[in-house]
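So the sequence lines, in the order shown, correspond to chains A and B.
Here the first sequence stands for residues 517 to 677, where the numbers follow this note's numbering.
Here the second sequence stands for residues 4 to 96, where the numbers follow this note's numbering.
Built from N, CA and C at the ideal position, the CB exists for glycine as well.
Keep in mind the model is a prediction, meaning the values are calculated, not measured.
Right, one structure below, let's go through it.
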Amino acid sequence: MTEPHTPGPNAPGTSQPGPAMTVRLEGASPEVEISRDMIRRGLIVAPVLIAICGAAWGMHGVWSSAYGVALVLVNFAIAAGLIAFTARISLGLMMGAILFGYLIRLGLVLLAFVLVKDASWMSRPALGLTVIVTHLGLLVWELKYVAASLAYPGLKPSRSN
Amino acid sequence: MEAMSHLVKAAGATTSTPTELKAQAAASSAGFAYGLAAIGPGIGIGYLVGKSVEAMARQPEAAGMVRTTMFLGIAFTEALALIGFVVFILIGL
């Protein structure tokens, strides 16, 4: 009499509920460091962007561009903070927070625009251009250092390494 | 008969001019553009985060590298939604 074969936990085709989703990530938060880096660089380049928009659209361009830069930097900070906070609790929560965070941040960006859309200083082309240029420009700038330092910790390599 | 003519006049008063119709079409199209532009990045971020969590669960010692790449990937993917948002603010609302 042979016993019925029961596949092991790692056998192909089996799906065992494991502790993977409850893994918590302690230690440093690279996304916070990346976000801090990008915010610092964003503040450095902001006067240039604001000056360009000011030259093109006048004082309306200046205020709208400043608002756009602030919008992008706050968006980065919220995204990084959300990941860092939830990663210390569990990977499952982090995943949920990132996905719902995406929705919430899109809503916040929309709300931030709706609040000022009829303001006298609003210049929509300046705001739109600033949002795209700042977001993509800071990411590409950061990516340069991440690629140069083999992705971790994702910051500008120091002279020692 | 008189009431009917009033009704027709009232209906005529609510009919939009071509300019207003164009503005209404632009506003609704902008809403659709933003919604559609958010779907693609939503799928992309879901896939990206799912794979990253899987990688971190399998190899927690590589979590720092994975998180760095994941964060940048999320931000790049989100740029698509922001481009949709800019189209939305430029042509509508």
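| Item | Value |
| --- | --- |
| Nearest candidate by alpha-carbon position, reference residue 611/A, set 35/B, 92/B, 89/B, 74/B | 74/B |
| Residues near residue 21/B in its chain [Cβ-Cβ closer than 7 angstroms; skip 5 each side] | none |
| Buried versus exposed call for residue 55/B [16 or more other C-beta atoms within 10 Å across all chains shown] | buried |
| Three-state class that DSSP yields for residue 657/A in the structure shown | helix |
| Anticipated Cβ contact below 8 angstroms, residue 40/B with residue 86/B, distance rounded | 7 angstroms |
| Where residue 92/B falls: helix, strand or coil (DSSP) | helix |
| Nearest-angstrom beta carbon gap, residue 591/A and residue 621/A [assumed within contact, 8 angstroms] | 6 angstroms |
| Whether residue 578/A touches residue 570/A by CB criterion (7 angstroms) | yes |
| Closer than 7 angstroms at the beta carbon, the chain A residues around residue 41/B | 622 |
| N- and C-terminal bounds of the alpha helix (DSSP H) containing residue 633/A | Segment: none, residue 633/A is in no alpha helix (DSSP H) and carries neither H nor E. |
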